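These notes are about the structure you will find just below.
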Amino acid sequence: MDWTVLKLIEWTDAYLKKQGILKARLESEMLLAHVLHKKRIDLYVAFDRVVSEAELASLKGLIQRRSRKEPIQYILGTQEFWSLPFKVGPGVLIPRPETECLVEEALKILGPLHILDLGTGSGVIPIALAKEIPEAKFYAVDISDKALEYARENATTHHVLERIQFQKSDLFSSIPKDQKFDVILSNPPYISTGEWNGLETQIKEFEPKEALLAGEEGIEVHRRILKEAPQYLKSEGAVILEIAPHQASLLKEYVVREKVFKHFEIVKDYGHKDRILIVWVGGAEGEAPSPRPERM
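Taking my numbering, the leading residue of the sequence shown gets 3, the next gets one more, and so forth.
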């Protein structure tokens with residue numbers, strides 16, 4: 003029996019559905035397009051093309067990996083972010099679309115010329131911003147050597163490596179004390195210990211735990227960043243952090259209680275959920291921060 007493109011898509015779709023893959027048809031097309039070295043849209047004009055034995059063998063291997071719930075982004079080796087392709091794989095967090103909100107908020111702040119990204123992962127945040135702000139310089143850190151490998155490769159691919167200094171560091175631990183930044187960014191881990199067991203298999207068993215888990219309330223890393231950030235910020239500098247929607251009130255209480263920042267703001271994502279926390283330094287010592295008036 004000859005396996006055509008259409009027959010393979012239909013068979014793979016049915017098989018992946020039985021394995022509990024929600025977007026089985028889409029992923030069937032993505033896997034076959036990857037094997038055939040074509041764009042997915044090109045498959046629609048090649049339904050009658052007969053697939054070779056070697057191509058069938060390659061596809062079978064990918065299907066087996068996906069049926070074990072390995073993320074399709076790892077299988078394909080790429081994920082789109084900010085309309086750019088980024089190389090990803092085991093050992094690095096897969097970029098999520100919600101993180102684009104963080105990039106958007108950074109672009110709204112005037113004059114971010116020296117920017118720090120904490121926990122850079124595959125480098126999507128500084129690379130996306132570097133493409134938008136040609137004059138900006140970036141310092142991007144991660145505790146994972148594997149993540150930094152991906153980040154450097156992605157920065158090279160997108161021709162911005164000369165403007166991003168990558169360094170291994172546990173948050174601020176290896177950053178020189180004399181470094182001062184206009185903006186500090188981070189998509190830190192924010193899964194609580196209670197939420198961990200309820201995560202999908204493809205997240206819990208494949209993505210790096212250290213990039214996801216953050217203590218009992220899920221805000222352990224946020225607190226560390228907010229505590230140390232002021233000494234690394236220029237006057238009127240800002241910290242922009244991605245958060246889980248249910249953590250907004252906890253973090254707002256923390257910011258108000260600490261009385262370190264001048265203003266704060268919670269920004270909603272495309273689904274109208276609280277997603278981004280922004281705080282600005284510059285307030286009088288001991289004075290509780292207030293919502294930023296011009297953005298309320």
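Note that the Cβ used here is the ideal one computed from N, Cα and C, for glycine as well.
Since this is a predicted model, take the numbers as computed values, not measurements.
Exposed or buried, which one is M3 when buried takes at least 16 other CB atoms within 10 Å? Locating residue 3 in the sequence shown gives position 1, where the first residue counts as 1. Exposed, by the Cβ-count rule.
Chain B within 8 Å of G217, Cβ atoms only: No chain B appears in the structure shown, which is made up of a single protein chain.
Under three-state DSSP, which class holds S146? Sequence index remark: in the sequence shown, residue 146 carries index 144 (1-based). Reduced to three states, the DSSP call for S146 is coil.
Take Q75 and list the residues in its own chain whose beta-carbon comes closer than 8 Å to its own, dropping the five residues that flank it on each side. In the sequence shown, residue 75 corresponds to position 73, counting from 1. Hits under 8 Å: Q81, V90, I96.
Beta-carbon separation (whole angstroms), P247 vs R277, contact threshold 8 Å: Locating residue 247 in the sequence shown gives position 245, where the first residue counts as 1. Locating residue 277 in the sequence shown gives position 275, where the first residue counts as 1. Between R277 and P247 the Cβ distance is about 7 Å, and since that is below 8 Å, they are a contact.
I'd like the list of long-range same chain contacts for V257, defined as Cβ closer than 8 Å, with 5 residues on each side in sequence excluded. Numbered from 1 along the sequence shown, position 255 holds the residue referred to as residue 257. Only L228, F263, F266, L279, V281, P291 meet the Cβ criterion.
Between the C-alpha atoms of G273 and L201, what's the straight-line distance to the nearest angstrom? Along the sequence shown, one-based indexing puts residue 273 at 271. Along the sequence shown, one-based indexing puts residue 201 at 199. Spanning the two alpha carbons is a distance of roughly 20 Å.
Can you tell me whether DSSP reads I242 as helix, strand or coil? Your numbering for residue 242 matches position 240 in the sequence shown. Assignment of I242 by DSSP, reduced to helix, strand and coil, places it in the strand class.
Which of helix, strand or coil DSSP assigns to D50: Locating residue 50 in the sequence shown gives position 48, counting from the first residue. Coil, per DSSP.
W13 classed as buried or exposed, judged by whether at least 16 other C-beta atoms fall within 10 angstroms: As a first step, residue 13 is located in the sequence shown; it is residue number 11 there, counting from the start. Exposed, by the Cβ-count rule.
Spell out the partners DSSP gives S188 in its beta bridges. Within the sequence shown, numbered from 1, the residue matching residue 188 stands at position 186. Paired residue(s): L120, L243.
With 16 other CB atoms within 10 Å as the buried threshold, where does F49 fall? Position 47 of the sequence shown holds residue 49. Its Cβ having fewer than 16 others within 10 Å, F49 is exposed.
Whole-Å CB distance - V241 paired with A250, under 8 Å assumed: Taking the sequence shown and counting its residues from 1, the one referred to as residue 241 is at position 239. Taking the sequence shown and counting its residues from 1, the one referred to as residue 250 is at position 248. A250 and V241 do not touch by the CB rule: their CB atoms are close to 15 Å apart, not below 8 Å.
Tell me whether the beta-carbon of V53 lies closer than 8 Å to the beta-carbon of T6. To locate residue 53, count along the sequence shown from 1; it is residue 51. To locate residue 6, count along the sequence shown from 1; it is residue 4. For V53 and T6, yes; Cβs fall inside 8 Å.
Compare the Cα-Cα distances from E72 to each of W84, L86, F88, P92 and report the closest residue. Counted from its first residue, the sequence shown places residue 72 at position 70. It is P92.
Helix, strand or coil for W282 per DSSP? Here residue 282 refers to the residue found at position 280 when the sequence shown is read from its first residue. Looking at W282 - three-state DSSP - the assignment turns out to be strand.
Pick out the complete beta strand (DSSP E) segments inside the stretch 151-189, 3 residues or longer, and give them in chain order. 166-170, 183-188
Exposed or buried, N199, counting other C-beta atoms within 10 Å across all chains shown (16 or more means buried)? Here the question's residue 199 lines up with position 197 in the sequence shown. When all chains shown are included, N199 counts as exposed.
For L34 and L10, which I take to be in contact (beta-carbon distance under 8 Å), what is that distance rounded to the nearest angstrom? Along the sequence shown, one-based indexing puts residue 34 at 32. Along the sequence shown, one-based indexing puts residue 10 at 8. Going by Cβ atoms, the distance from L34 to L10 rounds to 6 Å, so yes, they are a contact pair.
Can you tell me which of L115, G125, P128 puts its alpha carbon nearest to the alpha carbon of E137? Mapped onto the sequence shown, residue 137 falls at position 135. Considering only alpha carbons, the answer is L115.
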